[in-house]
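S.K.: The structure under discussion is supplied below as structure tokens; questions concerning it will follow.
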Amino acid sequence: MSETVIYGKPTCPHTKRALAAHPEARFVDILASEANMEEMLRLSDGQRRIPVIVEDGRVCVGFRRGS
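The sequence shown: position 58 = 57 (numbering that gives the first Met the number 0), numbered continuously.
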């Protein structure tokens with residue numbers, strides 16, 4: 000079974016919606032450490048948009064309900 004990981008900030012409304020839509024996801028706070036931020040930037044090809052959602056090996060930058 001694959002893991003869903005959501006990179007974002009705890010105060011971001013888009014991150015909160017993504018977490019609500021994926022309650023099983025592991026959350027990575029990009030402000031908690033430089034390593035977390037660097038990992039998010041690597042996954043998003045340098046894009047500074049959140050959340051970054053990694054699911055089944057696919058990376059999605061941003062969140063819109065229903066997409």
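Ideal Cβ placement from N, Cα and C applies to all residues, glycine included.
(1) Within this structure, are the beta carbons of Leu30 and Lys15 separated by less than 8 Å?
(2) In whole angstroms, what is the alpha-carbon distance linking Val4 and Phe62?
(3) Tell me the rounded alpha-carbon separation between Arg41 and Val27.
(4) Should Ser32 be labelled buried (16 or more other beta-carbon atoms within 10 Å of its own) or exposed?
(5) Under a three-way DSSP split, which group does Arg48 fall into?
M.R.: A quick look at the data gives this:
(1) Here residue 30 corresponds to residue number 31 of the sequence shown, with the count starting at 1. Here residue 15 corresponds to residue number 16 of the sequence shown, with the count starting at 1. No.
(2) Here residue 4 refers to the residue found at position 5 when the sequence shown is read from its first residue. Here residue 62 refers to the residue found at position 63 when the sequence shown is read from its first residue. So the alpha carbons of these two residues sit roughly 13 Å apart.
(3) Looking up residue 41 in the sequence shown gives position 42. Looking up residue 27 in the sequence shown gives position 28. Going from the Cα of Arg41 to the Cα of Val27 covers about 14 Å.
(4) By 1-based counting over the sequence shown, the position of residue 32 is 33. Under this definition Ser32 is an exposed residue.
(5) The residue labelled residue 48 in the question sits at position 49 within the sequence shown. If DSSP states are grouped into helix, strand and coil, Arg48 belongs with coil.
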